[in-house]
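For what it's worth, this note's numbering labels the leading residue of the sequence shown as 1138, then goes sequentially.
What follows is a set of notes on a single structure, which appears directly below.
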Amino acid sequence: MTDRYAVLGNPVAHSQSPFIHGEFARQTGQDLCYERRLCPLDGFARSLQDFAEEAGRGCNVTVPFKFEAFQAASSRTDRAERAQAANTLRREGSDWVADNTDGVGLRRDIEVNAGVSLRGARVLLIGAGGAAAGVLGPLLEAGPAQLVLVNRSEDKAHALVQRHADWAARHGVDLQARPLQHPGQAYEVVINASSSSLQGQASPVAAQVLAPGALAVDLMYGPAADAFLHWAASHGARPRDGLGMLVEQAAFAFHFWRGLMPDTAPVLRALRERVSGKA
Ligand code: NDP
């Protein structure tokens, strides 16, 4: 019988996950189907239960349910535990096991696809929502010299930093929270994990944060990311959108479900063409 997977979210119509996992399944010869499931904003738990009753084997979870997905699971990987949010669930008997693959996906996109080493680098992470919570732990594991977290609501940045203080110390990273208006300057890697691009804003921070030739990543992709990418390029940085992370986090999710790591490069190429309207 074909195994069932899905992405649960609200909204979910824009999700590229069915395309990505369809390509991974074809590439690895796995017999599975993958669908989008729109959940009512107050009905994630019910939707997840329905999916389980329909023999769902695993799912991705997107906005705004990553915290609820974490709560719904009866066991969690260490990285999901650290994030306190889950983007991937796997069915085991009558239970769900939670993982969070956002951070390892971003790290792989930066280090492998963009070819930028995080070890010893100075990194600025903007945002303290679900995405930032998911990526902070794996970024610290990469061993940057310093990681500064800034967020519009400063208390959330402080809480996230406090929660990761042990992990930062374990990996020898100088981890700090600073106000959004005083982020510091000349970072080699700048990551926009806020949703500022969704509101048409070019950047929530001043261009002084960019060292010459810095890698500037917006987790957003498609036309909404254009203003940030243009801002970064016009200040001498290397712009990168969130499509690479999207494909890489999906590959880690696929591995969590099927025990196989797909080749991401051809899928990222195909997705870029698809998103830019060329395919
Ligand atoms: P959340 O809603 O959980 O958090 C939003 C964050 O953005 C908060 O820190 C919020 O600050 C901040 N923010 C919102 N508007 C502004 C603004 N105008 N200026 C500065 N900060 C702002 O969203 P997520 O964390 O889940 O997602 C963030 C982004 O990451 C989205 O664009 C999402 O599409 C993208 N994403 C991409 C992925 C990928 O695979 N490429 C995976 C996951 C997410 P405050 O705390 O003050 O409200």
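Backbone N, C-alpha and C fix where the C-beta goes; we use that ideal spot for every residue, glycine too.
This one's a predicted model, so the numbers in the text were calculated from it and none came from an experiment.
Sorting 1336, 1322, 1296 by C-alpha distance to the C-alpha of residue 1348 places 1322 at the top.
Following the DSSP letters along the chain, one finds residue 1172 inside the beta strand (DSSP E) bounded by residues 1169 to 1175.
Judged by beta-carbon spacing, residue 1209 lies beyond the 7 angstroms limit of residue 1178, meaning their Cβ atoms are not closer than that value. According to the DSSP secondary-structure assignment, residue 1241 is paired through a beta bridge with no residue.
With contacts defined as CB atoms closer than 7 angstroms, residue 1221 and residue 1259 fail to qualify as a contacting pair. Taking C-beta separations shorter than 7 angstroms and ignoring five residues to either side along the sequence, the partners of residue 1380 in its chain run 1358, 1405, 1408, 1409, 1412, following chain order. In this structure, the C-beta of residue 1356 approaches the ligand NDP to less than 6 angstroms from one of its heavy atoms.
For the options 1213, 1139, 1277, the alpha carbon positioned closest to that of residue 1302 is the one of 1277. C-alpha of residue 1285 to C-alpha of residue 1312: approximately 6 angstroms in a straight line. If you draw a straight line from the Cα of residue 1174 to the Cα of residue 1152, it comes to about 10 angstroms. Residue 1278: member of the alpha helix (DSSP H) spanning 1267 to 1278, first to last residue. Counting every other CB atom within 10 Å of its CB across the protein chains shown gives residue 1382 a total of 16 or more, marking it as buried. Shown here, residue 1322 sits in coil according to DSSP, grouped into three states, outside any helix or strand. Within the same chain, and ignoring the five residues on either side of residue 1328 in sequence, the residues whose Cβ sits closer than 6 angstroms to its Cβ are 1262, 1354. Boundaries of the beta strand (DSSP E) around residue 1351: 1347 to 1355.
Within the same chain, Cβ atoms closer than 6 angstroms to the Cβ of residue 1172 are found at 1143, the five residues on either side in sequence being excluded. At a cut-off of 6 angstroms, the beta-carbon of residue 1379 counts as near the ligand NDP: some heavy atom of the ligand is closer than that.
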